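A.B. asks: Structure incoming, see below.
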Ligand SMILES: [Zn+2]
């Protein structure tokens, strides 16, 4: 056997036929039943292995408050512009 064996393009391509990336491994959350990436926190309920990692409820409440405040600000701005004109 020679040191370097002949490697045809076909052999290379046949070998690489199995190199395609398969999609992310998803599993069902035990808490809420939605799909999440394995070994990662569930993005829907913020839990991993029954532990709460992120308090999703408070985050949703905070976001709602922020959007309310922003809407108020946006609602006031056009009125001010009308007054200025
Ligand atoms: Zn979940």
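In this note's numbering, the protein residues as written are 4 to 88.
A virtual CB, placed ideally from N, CA and C, is assigned to each residue, including glycine.
As the structure is a prediction and not an experimental result, all values here were calculated from the model.
Report whether the distance from the Cβ of residue 68 to the nearest heavy atom of ligand 1 is below 6 Å.
C.D. replies: Checking the Cβ of residue 68 against ligand 1 gives no.
A.B. asks: Which residue comes first and which comes last in the alpha helix (DSSP H) that contains residue 14?
C.D. replies: Residues 12-19.
A.B. asks: Is it the case that the CB of residue 17 approaches a heavy atom of ligand 1 more closely than 6 Å?
C.D. replies: Incorrect: residue 17 has no Cβ contact closer than 6 Å to ligand 1.
A.B. asks: What does DSSP give as the partner residues of residue 39 in its beta bridges?
C.D. replies: In DSSP, residue 39 forms a bridge with 30.
A.B. asks: Taking only heavy atoms of ligand 1 into account, decide whether any of them is closer than 6 Å to the Cβ of residue 34.
C.D. replies: At least one heavy atom of ligand 1 is nearer than 6 Å to the Cβ of residue 34, so yes.
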